[in-house]
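Student:
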Amino acid sequence: MTEEIDLKALLRALPIALGLCLLGGIGGYIAHRLHTPLPWMLGSLFLVAIVTILRPQLLPASYAFPETLRRPFIGMIGAAIGARLTLEVLGQMPQYLYSLLALTVFVPLVQLLNYKLFRIVGGYDRPTAYFAGAPGGMIDSLIQGEEAGGDIRILAIQQFLRVIMVVTLLPVGLSIWYGHPVGSAAGVTLNASAPGPLAVPLVFVVALAGIALFQRLHIPASQLIGPMLLAGLLNLTGIVTIEAPGWLINLCQVVVGAGLGCRFAGIRPAMLVRAAGLAVLSTVMMLAIGVAMALGLAPLMHGQHVDVLLISFSPGGVTEMALIALSLNANPAVVTLHHLYRILLTTSSLVFVRKRGWFNAPPRHD
């Protein structure tokens, strides 16, 4: 019965989701023609967000982009990332000890600074300020923050804007750094040669198999990590060669962008403007610390580019950061490793703090 209900819900949500993806595709194409960084995801995200903010009545109440549709596209991104996992990358793993140790400092440092920012400048209460400032683990921060007495609306908006701001400001900042558009905005392709006719079906099958297997293991971000590890294993053993065509990655970006953009529906403009201002300050601060750490680590990590280290320290979503790495033609497996560690650190600290009640709201006396 549960599967039947889920299927009916999917069929009801699917036409709207396809319409959002079509709208996102238009936004992606416009951004592509304008040569913006990461055009297919950001263009999709912003056009869908603008339409849903200005015309929220176009979506049913409490509409959610169907995960059943979104998950395979994230899985195909994961498979494309896993295809970049080589013996050379594995041989470099010991040198990442420095950057992982730096991340251990980065996570509590930026959470403390975000707490001060949201508390003093934003005027948020203690639990809202603390859990809204988490540099990762969006779902965990919402759950733990609400249980601690935080405002779930502000928590959701602030956490969502963290991802949006990083995804937006990071590629723009890298474009300014290099003096020209980076990655897909500059026409970088993912494959040196055209993939064969079985490339797309193979990527799709690996994505579904990876998702199904790793969901059973309860691994965080399994829809991305599962296909990535499975594709990497297949690639390393030489059983098959995984190749994702550039147009397929662009399509995945459109779907991911549309899914993010429609979450702006129902948000009051005044609340959004206030939260966006705080998110800009928070993101600039976190990226500045990330730049400082990347520059400091680069001499210790021979051959590792500063931009890859910066992406590894940027507190965006795992999928979005992996897409940025792909668009820069950098190895996304390295980036994903760091972001999994960041999420593990963040979620562990959130649970630890919540259980001890350090930032809980004071009990009400009715």
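Under the working numbering, the first residue of the sequence shown is numbered 1, with each subsequent residue one higher.
Glycine included, C-beta positions come from ideal geometry on N, C-alpha and C.
Got a sec, what are the start and stop residues for the alpha helix (DSSP H) L230 sits in?
Tutor: Start and end: 222–237.
Student: Whole angstroms are fine: how far does the CA of Q144 sit from the CA of V351?
Tutor: Between V351 and Q144, the C-alpha separation is close to 7 Å.
Student: Measure the C-alpha to C-alpha separation of I267 and P197 and round it to an integer number of angstroms.
Tutor: Computed Cα separation, rounded: 44 Å.
Student: Pop quiz: I211 and I219 are said to be a contact at Cβ under 8 Å. What is the actual Cβ separation, rounded to whole angstroms?
Tutor: Their Cβ separation, rounded to whole angstroms, is 11 Å, which puts I211 and I219 out of contact at 8 Å.
Student: Please report the residue range of the alpha helix (DSSP H) in which I176 lies.
Tutor: Here the alpha helix (DSSP H) through I176 covers 152–178.
Student: Taking the alpha-carbon of S62 as reference, which of L297, E243, C262, L45 has the nearest alpha-carbon?
Tutor: Nearest C-alpha to S62: C262.
Student: State the CB to CB distance for the pair I157 and L234, rounded to an integer number of angstroms; the pair is presumed to be in contact (CB under 8 Å).
Tutor: About 40 Å; that fails the 8 Å criterion.
Student: On a CA-only basis, which of G149, I16, F160 is nearest P135? Give me that one, please.
Tutor: Looking at the Cα atoms, F160 is the closest of the given residues.
Student: Counting pairs of Cβ atoms below 8 Å between the segment 320–327 and the segment 37–54, do you hit three or more?
Tutor: Flag = yes, the segment 320–327 and the segment 37–54 touch.
Student: Express the C-alpha separation of V306 and I249 in angstroms, rounding to a whole number.
Tutor: Rounded to the nearest angstrom, the two C-alpha atoms are 24 Å apart.
Student: If you follow the alpha helix (DSSP H) that R70 is in, where does it begin and where does it stop?
Tutor: First-last of the alpha helix (DSSP H) with R70: 67–82.
Student: Please state the DSSP three-state secondary structure of F118.
Tutor: Three-state DSSP puts F118 in a helix.
Student: What separation, rounded to the nearest whole angstrom, lies between the Cα atoms of G202 and E67?
Tutor: It is worth fixing the name first, because residue 202 is Leu in this sequence and not Gly. Near 21 Å, if we compare the C-alpha coordinates of E67 and L202.
Student: Taking only the alpha-carbon atoms, compute the straight-line gap between L101 and T283 and give it to the nearest angstrom.
Tutor: Between L101 and T283, the C-alpha separation is close to 21 Å.
Student: Kindly indicate which three-state DSSP category H305 falls into: helix, strand or coil?
Tutor: Note: H305 maps to coil in three-state DSSP.
Student: Hey, how far is the Cα of L309 from the Cα of Y98?
Tutor: Near 11 Å, if we compare the C-alpha coordinates of Y98 and L309.
Student: Is the beta carbon of L42 sitting closer than 8 Å to the one on T168?
Tutor: Yes. Within cutoff.
Student: Closer than 8 Å by C-beta to Q111: which residues in its own chain qualify, once you throw out the five before and the five after it? Chain order, please.
Tutor: Contacts found: Y130, G133, A134, P135, T346, S349.
Student: Do I81 and T336 count as a contact pair if the criterion is CB distance below 8 Å?
Tutor: Yes. Within cutoff.
Student: Could you tell me the alpha carbon to alpha carbon distance between G255 and P72, rounded to whole angstroms?
Tutor: The sequence as given places Val at residue 255; Gly does not occur at that position. Cα to Cα, V255 sits roughly 10 Å from P72.
Student: Below 8 Å between beta carbons: does that hold for F65 and A17?
Tutor: Cβ atoms of F65 and A17: closer than 8 Å.
Student: Looking at G259 and R70, is the spacing between their C-beta atoms short of 8 Å?
Tutor: Going by C-beta atoms, R70 is nearer than 8 Å to G259.
Student: Between F313 and A288, which are expected to be in contact by the criterion C-beta below 8 Å, what is the C-beta distance as a whole number of angstroms?
Tutor: Actually they do not touch by this definition, with Cβ atoms about 11 Å apart.
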